[in-house]
Amino acid sequence: MKNKKNSVLVLGAGIAGIQASLDLAEMGVEVHLIEGTPTIGGRMPQLDKTFPTNDCSMCILSPKMSECARHSLITIHIMSNLEEVSGTPGDFVCRVIERAKYVDPVKCVSCGLCEAKCPVKIDDEFDMGLRKTKAISRYFLQSIPSEYTINPNYCLFLTKGVCKLCEKVCPTGAINYQDKDREIDINVGAVILATGIDPFDPIGFGQFGYHRYSNVVTSLEFERMLSASGPFGGHVVRASDEKPPKKIAFIQCVGSRDESIDKNYCSSACCMFAIKQSIIAKEHSKELDASIFYMDIRAFGKDFDKYYDKAENHYGVNFIRSKVADIVELPGGSLELRYTFENGDIQLEVFDLVVLSIGLQPRKGSRKLSEDLDIRLNKYGFCHSDTFHPLETTRPGIFVCGAMNGPKDIPESVVSASGAVAGAVKLLKLERHDVSKGEEEVIEKDVIGERPRVGVFVCHCGINIAGVVDVKNVAEMAKGLKNVEHSEDVMYACSTDCLEMIKERIEEHDLNRVVVAACTPRTHEPLFRDTISGAGLNPYLFEMANIRDQCSWAHMNEPEKATAKSRDLVEMAVGKARNLTPLKRLPISIDPEALVIGGGLAGMTSALAIADAGHDVYLVEKESVLGGNMRDIFFNLDGSDPQQFLAETIERIENHPGIRVLMDSNIGEIAGFVGNFRTMLTNGSGEQEELTHGVVVVATGGSEHKTSEYLYGRSSRVITQKEFERMLHEEKFPPGKLREVVFVQCVGSREEGRMYCSRVCCSKSVKNARQLQSKKAKANIYFAYRDIRTYGFSEQYYSDLRNSGALFFRYTPGNKPEVEMVHPDDPDSRIRVTLFDPVLEKDVVVDADLLVLAPAIDPPEENLKLAKMLKIPLNSDGLFLEAHVKLRPVDFATDGIFVCGLAHSPKDMSESIAQAKAAGSRALTFLKKNSILAEGTIAQVRKDRCSGCGYCEDVCAYAAIEIDMEEGIAVINDALCKGCGACVASCRCGALDLRGFTNEQLFSVFDSLEIEAVEGIL
Amino acid sequence: MSSITIEKSASKGINDLLRHLLSTGKVDAVLAMRMMPDTGAWDLALVTDVKNLKELKPLAPVMTVNASQVLSNLSLSGKKIAAVLKPCELRAFVERVKREQGSLENLFTISHTCGGVFPLDLVAEGKVDRLLPKYEKVVSAGEIPSNIRDTCKACEHFIPMNADIMVSAAGECKPGEGCMIYLNSDKAREALSECTGEHGSAVLDSTSLEKLATARAREREKLFSSIEKDCSGLDGLVNIFGKCVGCHGCSRVCPICYCTLCDFESINFDYNLPYFEEHLARKGALRLPPDTMLFHMGRLTHMSFSCVGCGMCSDVCPVGIPVAAVFSRTGESTASIFDYLPGRDVTEEIPVMIFKEEEFPELG
Amino acid sequence: MNKEFKPRITSFLCKWCSYTGADLAGTSRLQYSTSIIPLQVMCSSRVDPVFLLKAYLSGSDGVLLGGCHPGDCHYETGNYHTRRRFALVKEVFESLGLESERLKLSWISASEGPKFARVANEYTEEIRKLGENPTRKSIFL
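The listed protein sequences correspond, in order, to chains A, B and C. Mapping the first sequence onto this note's numbering, position 435 (from 1) lands on 455, and the numbers just tick up by one. Mapping the second sequence onto this note's numbering, position 133 (from 1) lands on 1320, and the numbers just tick up by one. Mapping the third sequence onto this note's numbering, position 63 (from 1) lands on 101, and the numbers just tick up by one.
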């Protein structure tokens, strides 16, 4: 019997819940994924594009959704709630209510006939009410699971006892009005909460006229308007007159940074969200004019400032720093905005559409959930977690990730999800496992050398296909194709009966290739592959013809042409099937040890996460002490003690039996690949040692930029924040009075040579300013800044500082504060600082006793060397470039290598801890396996044909192919190849091929396609 | 730029230079054109013994094979070789080095301003010797001889790019100027520091070549527009390539076709009977060997952006297809969309191996 | 010849974006021309320039290559290579005076069902105007 305690319950199936589930399942943990709505996916499917890459949201999410649905260790419970958690960490019992769906998911084939017939129209929640849906529906078209559900609040039969139309039209008898809610108890070792956020409802903001004015929309509604799959098919039009707007205003901080409604926090994502929307809107229509009304632009993430710059300077988005006082609707539906500039000037301007950039707020029901689960919320109603334990709730064994404990964007949510997993697995007793374990081994039939014997099954899909395509005709035609031994039409190819029947036919006709003409291979290929595998055929001897999604559904009014096309598609599939060969997924052994490079907070945290899960870790540090930058941090905004935490962490590291710390050590060379790395290390005394390990975590950190601006280095009164913090800690202030203290932000950040925001400096300066106030109550504080970027809950400390009387002076890169020594010959002279006050529109001169600079965070120079050794990329700023900025934020494209901490980008302690745990957790998804399986569809080299020219090596994004210089030929690393085929198409010599998509197979497809010549052309 | 002036004709001067390099042990071997004694036949010779140097005619307007092809493996042997290359051969070699088919490390590349080469049929007829005096006269007048390869007439890259050593051998010469040798690399300057002749500093006087450049440009336009006329559209292609006998000689002599085995001659394109049956069932007739157009167009996608226009392919075509003209014309277009110039610089990356994140906005 | 011209457009679609977008067009019941004959590849970068040539020379009236938007490639950089190779083939066509309109590259994301349907219809119309591919008639090629 399986140990139930080696399972985890994940609540909420947004991107965070999905990521947590996938990571756990990859480690061999059984996962129960609980979701309240009828689909997994959360908020991401509602988004059109994602910043700062403008990636299509659904494109990047849907592979993860399918993976989640397919994973044998993940059980998805849709329309379910978590009611109670009892027991102790490692042994919880969770009570879950699964609400009635009224449609049997086993029988439902997602044909949609029910929805078409259903007479009840209701607002579509997914499209923010901008479109109608029915009482029986799918949550959205790409829902997973794809089966329909009935909304009992609106269904005529369930509310009034009449109708039953859906039952009448359902071809599979899937409707079950008698369905009941079910209560189930699940025994798990840990719980991860990922319930996400709700968008702020601006209905209470009367001055903006939301709901009263039809052309005032929220940013989420606008997102649906932008989406190609949205209610307007991607054509942005105003609700009032269905005309495209020419001028759009975005109003920032609606429901954020607002003490009056008890939301004195920054929602962190809305600035970027608005910038993205303005760019996308301008891409829709070049003439469109977009203006963003803001207080500070908080583009603090990796590559965000470049995106902001692009919006302003390339796309011409107007950024207007001002407060919008109110909006008046004009006849015709346009909107007049009244807004105030910093200097008090008031302006009126008319826009066609106004988008309210609404903030993020705690989920409705989170109060009740917190009571049910006995966890604490913070004062804004988000789940509470502390600086050093950012992924833990107040109840041991229950972890939190995503935006549930504070506003986060997508990559931060993904990071926190993987990070939370690291906490959860500590409570489980995981063994290393074999990937194939659990699957029944069927002896595979050897088909090599056999003549192809193809079986064709053409699916009716009820009337979904057969209603348009003459299915019998197609099946009959297939009988005449070369190598086809058997062909028949079937009602539902994916039904259990039919799958059994396919197995029988394979036996009966000794089939060695199978073609199913039905729906899309994206959803059903795995199912059919499993089926033929069960009949002893290699799963790759299968091909699908998509005659539903890409034929009958798309050509509903052209039955003859659709039938002809179906015949072609089947012929092509048979053409390919004929040339299919069995493929093997070869196992790649995984060394159970990990190498962590960098002994700062991130490296140590990552090492602990891996070692706590039972794996040996080599922790390499080039210096002779652990702790990195954290050794210079003495205070936290929330009052917690960084030095105490650091000391505890170092003690844990040093006493951990699984961690070997290699101090004063330099890496000379890293060879190998996922599961099989070899690293040559040189220690302080010059001795060399070779380490073997399965994964690498890169945590090389960063350092304070060495500036020469603002008299730094020439005056004893000009110091950096790092130095200032130590001064505050040691209370060794400069001699004399400390009355006038000037802070200058963005020293080296956000300008030529370093076009990024260093993210932590605003909060750090606010923190140190507050410390100063507590120690020197009489000090006057002057803050020179560009945008104050105290995102998230740091906002409250910024407003505290403002309220305490500190003065803030915004400057621009062209108008930096000017500094000079009052007595130029005296290095201890006070510093005369000239600040321009944009409110009063005049210069303010301060003779500062101390000038505190907030320099940028620089990546270490040795990153370049490491990047070359590991064949991993750096971005233009010298920061490591992850595999995908949104959904793979700690992975590299090259498997088995992970990144965290400042090496990835500037971030604070909490964020470093979360990311370090995430890197550890991602590493464990490999380490917890004895071996992984290489892809089946990977490239292969015909050695005799290869000229060793290196085209392939250059185009491979995964460093999976290399020219062996001795032999002069390309060598593929099966472990790293992802099977895209970019190298194959680059190969001039025809020496490369992609298994499963060989030239021969693809040629045979379009040979089948060849068009008859018109008669008489000889 | 450092230079050496030898008070001899260019062809004698270059022989002195080679003798110096070989006799002082600066190189282990010399590669250059040779006229076989007594026969009047030509070949490319690799010489290690000084006494055989006299047979070499390094500047002869003959290309029996694009030297970059034979140089590939030689250059990887570890021996130091001085190779006398025509500018297009040098460019082709640079293209090959980019494809790991050779190395510049142990080479002294010697090239010269080029007046063009005779087609192989004239060479085969043994007429070169007889035609040489007139050729030299015309070339030194900065004009285009009428009997050289068509692509040579139209070649605008007759000044070598990045040769270690460059010899002035074409263009309007001033009488008695002697043999001008330009040294472009430290390697060359070091090896020739002791070479006899007047050492100095000079740059190639490009004004003396302007006339030739103008004439070449005019010829190029003429050649390309005639190709455009004859070889345009499917009908034009069928017209021109209809004569193709499928010998694939053009790819075999092509310096850019470096593949060990051409894909189009591989099993990938080796159809079996069922394939023919299917095609015949559809069309009722089939040209054999098949894939004539696929071969030529395929080759255009494989190598045209690197085509140096040496003209070997046209010369070996048994049925007189102007392959080189078609390929260098298309090559000029395909290279230009990537701002690429084949052979310009060994560090310039091959366009299909790289990309820019933002380019070709008109596509997609 | 009064037979109706039915364009045939060989469509190479990448698995992650364009093929998914085509599925979405179907799921959304968007109607488009039957001339589109889809062929799934793992990545648009799998499409060797020779495939485009072969499809053209075998008589496809149009050849459509669909991939993820630049920057969105499931395989990091595949579609950037696709774009260069496509530009190359198109240039070869143009320099030879062939109808380069018979080749089309389109970036269609997984959520762009409507775009897929639109591209399918617009391209079919363009090809219809262009007429039958002359390679259909030639046995020479």
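Here a beta-carbon is modelled for each residue, glycine too, at the ideal position from N, C-alpha and C. Keep in mind it's a predicted model, so treat the numbers as computed, not measured.
query, result
"Where L606 (chain A) sits in the DSSP three-state scheme", "coil"
"Own chain residues within Cβ distance below 7 Å of R151 (chain A), not counting five before or after", "D144, P251"
"M72 (chain C) at chain A interface by Cβ criterion, 8 Å", "The question names Met, but residue 72 (chain C) in the sequence shown is Thr. Taking Cβ atoms only, chain A reaches closer than 8 Å to T72 (chain C), which makes this a yes."
"Every unbroken beta strand (DSSP E) inside the segment 680-730 of chain A [3 residues or more]", "686-693, 696-702, 708-713, 715-718"
"Minimum length 3: unbroken beta strand (DSSP E) runs contained in the segment 93-162 of chain C", "100-105, 141-145"
"C-beta contact flag for V761 (chain A) and L792 (chain A) at 8 Å", "yes"
"Cα-Cα separation between L1318 (chain B) and G1303 (chain B), rounded to whole angstroms", "13 Å"
"Short CB-CB distance (under 8 Å) between P541 (chain A) and chain C", "yes"
"Option in B:Y1322, B:D1215, B:D1450, B:N1426 with minimal Cα separation from L1240 (chain B)", "B:D1215"
"Residue from B:A1254, B:A1522, B:W1229, B:Q1256 with nearest C-alpha to L1243 (chain B)", "B:W1229"
"Test: N1459 (chain B) CB closer than 8 Å to a CB of chain A", "no"
"L1022 (chain A), DSSP secondary structure in three states", "helix"
"Amino acids of chain B, ordered along the chain, whose beta-carbon sits closer than 7 Å to that of V975 (chain A)", "M1540"
"Collapsed DSSP secondary structure at Y230 (chain A) in the structure displayed", "strand"
"Per DSSP, cross-strand counterpart(s) of N14 (chain A)", "Here chain A covers residues 21 to 1038 and nothing more, so residue 14 (chain A) does not appear."
"Among B:K1324, B:P1248, B:M1484, B:N1260, nearest to L1233 (chain B) - alpha-carbon criterion", "B:N1260"
"Sequence-distant residues of its chain with Cβ nearer than 6 Å to M1250 (chain B) (five each side left out)", "V1304"
"Under 7 Å (Cβ pairs) to chain C, residues found in the segment 1511-1530 of chain B", "R1516, T1517, S1520, T1521, I1524"
"Buried or exposed by the 16-neighbour rule on C-beta atoms within 10 Å, applied to M424 (chain A)", "buried"
"Interface residues of chain A facing L1448 (chain B) [CB-CB closer than 9 Å]", "D964, R965, S967, C1009, G1010, A1011"
"N-terminal and C-terminal residue of the beta strand (DSSP E) that I801 (chain A) is part of", "800-805"
"Boundaries (first-last residue) of the beta strand (DSSP E) holding Q198 (chain A)", "Taken as a continuous stretch (DSSP letters only), Q198 (chain A) belongs to no beta strand (DSSP E), as it is neither H nor E."
"Within chain B, partners of D983 (chain A) - CB distance below 7 Å", "Inspection of the sequence shows that residue 983 (chain A) is occupied by Ile rather than by Asp. E1287, listed in chain order."
"Within 7 Å of chain A by C-beta, residues of the segment 1472-1500 of chain B in sequence order", "A1472, H1489"
"Strand pairing of P265 (chain A), partner residues [DSSP]", "Paired residue(s): none; P265 (chain A) is not in a bridge."
"8 Å Cβ cutoff, P1362 (chain B) in contact with chain A", "Note on P1362 (chain B): pLDDT 47, under 50, position unreliable in the model; the coordinate value appears next. False, the Cβ-Cβ gap to chain A never drops below 8 Å."
"In chain order, each alpha helix (DSSP H) run of at least 4 residues that lies wholly inside the segment 725-764 of chain A", "741-750"
"Where the segment 1407-1438 of chain B meets chain E: residues whose CB sits under 9 Å from a CB there", "Of the chains in the structure shown, none is chain E; the protein chains are A, B and C."
"Contact with chain B by K22 (chain A), beta-carbon distance below 8 Å", "Annotation note: pLDDT 44 at K22 (chain A) (below 50); position unreliable, no value reported."
"First through last residue of the beta strand (DSSP E) which encompasses P662 (chain A)", "Not the beta strand (DSSP E): P662 (chain A) falls in the alpha helix (DSSP H), residues 662-675."
"Where the alpha helix (DSSP H) containing F548 (chain A) begins and where it ends", "541-554"
"Helix, strand or coil at K69 (chain A) according to DSSP, with G and I counted as helix", "strand"
"Residue burial classification, I892 (chain A) (beta-carbon count within 10 angstroms, cutoff 16)", "buried"
"Residue burial classification, T360 (chain A) (beta-carbon count within 10 angstroms, cutoff 16)", "exposed"
"Any C-beta of chain C under 8 Å from that of K457 (chain A)", "Here K457 (chain A) scores only 46 on pLDDT, less than 50, and its place in the model is too uncertain to base an answer on."
"Chain-order list of residues whose beta-carbon lies under 8 Å from that of N883 (chain A) (same chain, five-residue window excluded)", "T720, L894, G898, L899, F900, A923"
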